[in-house]
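*Asks:* The structure follows.
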Amino acid sequence: MDKKEQKWRFNSVFWISFIIVVAFAIWGFLAPDQLASQATVTYNFISSTFGWFYLVFVLFLIIFNFYLAFSKYGKIRLGGDDVRPKYSLFTWIAMLFSCGFGVSIVFWGVAEPMTHFGTVPPGTDAEPRTADAAREAMWNTFFNNGIHQWAAFTFVGLSISYFLYRQKERSLISDTMNSVIGETGKKPLRNTVDIIAVIATVLGVATTLGLSVLQISGGLNNVFDIPAGTTTQILIVVAMFVFFMVSTVSGLDRGIKYLSNVNLGLALILMVSVLLIGPTGFILNTITTGVGDYIQNFFQASLRLDHYNEGTWVQEWPVYYWAWVIAWSPFVGMFVARVSKGRTVREFVFGVMVAPPAIGILWIGIFGGTAINMDLFQGTDITTAVENDVTNALFAMLENLPLGTVLSVLSIGLLFTFLVTSADSATFVLGMMTSKGDTNPSIVLKVVWGTLIAAVATILIISAGLEGLQTASLIGALPFSIVLLVASIALLKSIRLDYKETRLREEEEKQEKLRQEMKNW
7 MDKKEQKWRF NSVFWISFII VVAFAIWGFL APDQLASQAT VTYNFISSTF GWFYLVFVLF
67 LIIFNFYLAF SKYGKIRLGG DDVRPKYSLF TWIAMLFSCG FGVSIVFWGV AEPMTHFGTV
127 PPGTDAEPRT ADAAREAMWN TFFNNGIHQW AAFTFVGLSI SYFLYRQKER SLISDTMNSV
187 IGETGKKPLR NTVDIIAVIA TVLGVATTLG LSVLQISGGL NNVFDIPAGT TTQILIVVAM
247 FVFFMVSTVS GLDRGIKYLS NVNLGLALIL MVSVLLIGPT GFILNTITTG VGDYIQNFFQ
307 ASLRLDHYNE GTWVQEWPVY YWAWVIAWSP FVGMFVARVS KGRTVREFVF GVMVAPPAIG
367 ILWIGIFGGT AINMDLFQGT DITTAVENDV TNALFAMLEN LPLGTVLSVL SIGLLFTFLV
427 TSADSATFVL GMMTSKGDTN PSIVLKVVWG TLIAAVATIL IISAGLEGLQ TASLIGALPF
487 SIVLLVASIA LLKSIRLDYK ETRLREEEEK QEKLRQEMKN W
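Here's what the structure looks like:
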């Protein structure tokens, strides 16, 4: 038995996480109705009771990340002062976008603004399906898919990068907390932290894969009249499993790297095509106005709740999104850390928390803006199509454009490559998390986690649908939020000490150099 195999075969984090995930999968398989019922109860309780916490915590992460970027610590290089990034800027951003929320943007890029267009968010007197409703819909969608979504990814990735490359720790969530919980003597606590991270990752990734499968199924039904039922969805999962296993065997520098470039390339082709074919002037005006409204309402919307009128909009949108990203953050953060060696803290924060959301806002402005223009001025009824089937939103819009079928096929291809890269990245990260931080986990371990993720996603789709997927994120996010709060204290404590020691060392080197010059003189 080689050392890699020993790292997971005799690892309590792997076995406890494995047993919990398998038990969850068996429950969903044997009692899907009970799982669906419990999902509804759990979702309502967590979102209504802890919604405020998610809003406050994510805003805290944004402020914390930007503080580190703009402070004197922003120049600290992850990996040493002489280390430079391995991947080009384009490839790096492509990998961030592909492993992060590319899937979410494609799924909600039309569906969300059209949903808000038909059911106006709280805090406005705009009538549904009017020009005022369109404006409210766009900036609220920009807000829900903006930098808040990437705050947790950025923080987890930065913490792991710093402790892995700067402090020579392992790539484990628990190792980012050493300055608070200690490096030794607290093994049960450290293992609990890593197990929470693994469970949150599995549930968060299963949510995203489930959304992708639902949308691909809807696209195949729209374009090729293939029934969008359980059989089709299971076949999509099987195809995804085969492709990401091939990618996994190929390794990080081949499979994920190349697929990520293909993802971003396809996304750019689709964006430019719809921008040019669609109402170009209207789209550009929509993006400009929406970004302005987004900036103007940033802090008010960050802490907005609708409890006075017993509304559920905030629970169903921002709270759900923030929980989703927190649940996903161990996976995305670890993967981002793995490909970000050599970046400065400032480069890392701006690259991860600004570039992908900017691409997402452009996507939403182009696709969502086109759909709103169609309903406002061209007599279409995409809003009703979205109300009937949210998974069909993108294709309901594309079918009204010239070359709509071609663009729809390209979109299905983009969704599938996003699906594969997300699953591939997730199995890679779960392998690291359950093999004591091994940055090159064994293929067997990645296959185990890939199989479990595919199984959980399938069970959630069959048993509880979209609501079950949302509940999975909420459950995984709550305990992990506490872990991140402790990790933020540990990171700030360590980076301050690191900076102080570095300045002291530089001063000593300067004095030594001066003494040598005086001696030679």
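Numbering (my numbering) for the sequence shown: 7 to 527.
Backbone N, C-alpha and C define an ideal beta-carbon position, used for all residues, glycine too.
Given the structure is predicted, the values throughout are model-derived calculations rather than measurements.
1. Between the C-alpha atoms of Val47 and Met403, what's the straight-line distance to the nearest angstrom?
2. Determine the burial state of Leu491: buried for a count of at least 16 other Cβ atoms within 10 Å of its Cβ, exposed for fewer.
3. By Cβ distance below 7 Å, which residues in the same chain neighbour Met359 in space, the five residues on each side in sequence not counted?
4. Which one or two residues does DSSP pair with Arg83 in a beta bridge?
5. Between the Cα of Ser253 and the Cα atoms of Leu95, Val412, Lys193 and Val426, which residue gives the shortest distance?
6. Please return the same chain residues whose Cβ sits closer than 6 Å to the Cβ of Ala460, not counting the five positions on each side in sequence.
7. Less than 8 Å between the CB atoms is what I'm expecting for Ala206 and Ala333, so what's the real figure, rounded?
8. Excluding five sequence neighbours on each side, which residues of the same chain lie with their C-beta closer than 7 Å to the C-beta of Ile289?
9. Please determine, among Met380, Glu393 and Val392, the residue with the shortest C-alpha to C-alpha distance to Leu407.
10. For the 8 Å Cβ check, are there 3 or more pairs between the stretch 54–64 and the stretch 134–143?
11. Gly6 lies in the alpha helix (DSSP H); which residues open and close that run?
12. Taking 8 Å as the threshold (C-beta atoms), are Thr214 and Ser77 in contact?
13. Tell me whether the beta-carbon of Leu270 lies closer than 8 Å to the beta-carbon of Leu413.
14. Classify Asp131 as helix, strand or coil using the three-state DSSP reduction.
15. Hey, which unbroken runs of the alpha helix (DSSP H) at 4 residues or more fall wholly within the stretch 157–193?
16. In whole angstroms, give me the CA-to-CA distance for Leu84 and Gly348.
17. Hey, Ser431 and Phe337: beta-carbon distance below 8 Å or not?
18. Exposed or buried, Leu178, counting other C-beta atoms within 10 Å across all chains shown (16 or more means buried)?
19. Go ahead and label Glu515 buried or exposed: buried means 16 or more other beta carbons lie within 10 angstroms of its beta carbon, across all protein chains shown.
20. Drop a sphere of 10 angstroms on the beta-carbon of Met120, count the other beta-carbons inside from all chains shown, and report buried for 16 or more, exposed for fewer.
21. With DSSP run on the structure shown, which of helix, strand or coil describes Ile372?
22. In terms of residue numbering, what span does the alpha helix (DSSP H) encompassing Thr389 cover?
23. Going by Cα to Cα distance, which pick from Ala463, Asp39, Phe354 and Ile388 is closest to Gly163?
24. Under a three-way DSSP split, which group does Ala361 fall into?
25. Among Gln239, Val211, Asp231 and Val208, which one has its Cα closest to the Cα of Ser223?
26. CA-CA distance, Thr318 and Asp395?
27. Within 10 angstroms of its Cβ, does Ser417 collect 16 or more other Cβ (buried), or is it exposed?
28. Shortest alpha-carbon distance to Ala117 belongs to which of Pro447, Glu175, Asp387 and Trp21?
29. Taking the beta carbon of Pro324 as the centre, do at least 16 other beta carbons fall within 10 Å, making it buried, or is it exposed?
30. What's the C-alpha gap between Trp299 and Phe148?
31. Can you list, in chain order, the residues of its chain whose CB lies under 6 Å from that of Thr130, leaving out five sequence neighbours each side?
32. Can you give the Cα-Cα distance for Thr457 and Thr445, rounded to whole angstroms?
33. Let me make sure I understand the geometry here. Which of Trp33, Gly443, Asn526 and Ile99 has the alpha-carbon closest to that of Phe268?
34. Locate the alpha helix (DSSP H) running through Trp323, then write down its first and last residues.
35. What's the C-alpha gap between Ile481 and Val462?
36. Using a 10 Å radius around the Cβ and a threshold of 16 neighbouring Cβ atoms, would you call Val392 buried or exposed?
*Replies:* According to the structure data:
1. As a first step, residue 47 is located in the sequence shown; it is residue number 41 there, counting from the start. As a first step, residue 403 is located in the sequence shown; it is residue number 397 there, counting from the start. For Val47 and Met403, the distance between alpha carbons rounds to 34 Å.
2. Position 485 of the sequence shown holds residue 491. Exposed: under 16 other Cβ atoms inside 10 Å.
3. Numbered from 1 along the sequence shown, position 353 holds the residue referred to as residue 359. Here the set comprises Asn71, Ile153, Trp156, Ala157 and Thr160.
4. For this step, residue 83 is matched to residue 77 along the sequence shown. Thr350, per the DSSP bridge assignment.
5. Here the question's residue 253 lines up with position 247 in the sequence shown. It is Val426 whose Cα lies nearest to the Cα of Ser253.
6. Stepping through the sequence shown from its first residue, residue 460 is reached at position 454. Val243 and Phe247.
7. The sequence position of residue 206 within the sequence shown is 200, counting from 1. The sequence position of residue 333 within the sequence shown is 327, counting from 1. Confirmed, about 5 Å.
8. Residue 289 sits at position 283 when you count from the first residue of the sequence shown. So the list reads Leu281, Gly371, Ile372, Gly375 and Thr376, once near-sequence residues are dropped.
9. Locating residue 407 in the sequence shown gives position 401, where the first residue counts as 1. When each option's Cα is compared against that of Leu407, the closest is Met380.
10. no
11. This structure cannot speak to residue 6, because the chain is shown only from 7 to 527.
12. Within the sequence shown, numbered from 1, the residue matching residue 77 stands at position 71. Within the sequence shown, numbered from 1, the residue matching residue 214 stands at position 208. No, they are not a contact pair.
13. Taking the first residue of the sequence shown as position 1, residue 270 is located at position 264. Taking the first residue of the sequence shown as position 1, residue 413 is located at position 407. No, the Cβ-Cβ distance between Leu270 and Leu413 is not below 8 Å.
14. Counting from one through the sequence shown, the residue named residue 131 turns up at place 125. Asp131: coil per DSSP, three-state reduction.
15. 184–187
16. Residue 84 sits at position 78 when you count from the first residue of the sequence shown. Residue 348 sits at position 342 when you count from the first residue of the sequence shown. Approximately 5 Å between the Cα atoms of the pair.
17. Walking along the sequence shown from the start, residue 431 turns up at place 425. Walking along the sequence shown from the start, residue 337 turns up at place 331. A contact, by the Cβ cut-off of 8 Å.
18. Position 172 of the sequence shown holds residue 178. Classification of Leu178: buried, given that the 10 Å Cβ count is 16 or more.
19. Sequence index remark: in the sequence shown, residue 515 carries index 509 (1-based). Looking at its Cβ environment, which holds fewer than 16 other Cβ atoms inside 10 Å, Glu515 is exposed.
20. Walking along the sequence shown from the start, residue 120 turns up at place 114. By the neighbour-count rule (16 or more Cβ atoms within 10 Å), Met120 is buried.
21. Locating residue 372 in the sequence shown gives position 366, where the first residue counts as 1. Ile372 falls in the helix class under three-state DSSP.
22. For this step, residue 389 is matched to residue 383 along the sequence shown. Ile388 to Asn394 is the span of the alpha helix (DSSP H), which, as asked, contains Thr389.
23. For the purposes of this step, residue 163 is taken as residue 157 along the sequence shown, with counting starting at 1. Out of Ala463, Asp39, Phe354 and Ile388, Phe354 has the C-alpha closest to the C-alpha of Gly163.
24. Numbered from its first residue, the sequence shown carries residue 361 at position 355. Here Ala361 sits in helix by DSSP.
25. By 1-based counting over the sequence shown, the position of residue 223 is 217. That would be Gln239, whose Cα lies nearest to the Cα of Ser223.
26. Walking along the sequence shown from the start, residue 318 turns up at place 312. Walking along the sequence shown from the start, residue 395 turns up at place 389. So the alpha carbons of these two residues sit roughly 20 Å apart.
27. Here residue 417 corresponds to residue number 411 of the sequence shown, with the count starting at 1. By the neighbour-count rule (16 or more Cβ atoms within 10 Å), Ser417 is buried.
28. The residue labelled residue 117 in the question sits at position 111 within the sequence shown. Ranking Pro447, Glu175, Asp387 and Trp21 by Cα distance to Ala117 puts Asp387 first.
29. Indexing the sequence shown from 1 puts residue 324 at position 318. Buried, since its Cβ has 16 or more Cβ neighbours within 10 Å.
30. Position 293 of the sequence shown, counting from 1, holds the residue named residue 299. Position 142 of the sequence shown, counting from 1, holds the residue named residue 148. Strictly speaking, residue 299 in this sequence is Asp, with Trp absent from that position. Near 9 Å, if we compare the C-alpha coordinates of Phe148 and Asp299.
31. As a first step, residue 130 must be located in the sequence shown, where it is residue number 124. The answer, listed in chain order, is Glu142.
32. For the purposes of this step, residue 457 is taken as the residue at position 451 of the sequence shown. For the purposes of this step, residue 445 is taken as the residue at position 439 of the sequence shown. Rounded to whole angstroms, Thr457 to Thr445 spans 20 Å at the Cα level.
33. For the purposes of this step, residue 268 is taken as the residue at position 262 of the sequence shown. In the sequence under discussion, the amino acid at residue 268 is Val, which differs from the Phe named in the question. Nearest C-alpha to Val268: Ile99.
34. Position 317 of the sequence shown, counted from the start, is the residue given in the question as residue 323. Where Trp323 is concerned, there is no enclosing alpha helix (DSSP H), given that its DSSP letter is neither H nor E.
35. Taking the sequence shown and counting its residues from 1, one reaches residue 481 at position 475. Taking the sequence shown and counting its residues from 1, one reaches residue 462 at position 456. Using only the alpha carbons, I get a separation of about 14 Å.
36. Along the sequence shown, one-based indexing puts residue 392 at 386. Buried.
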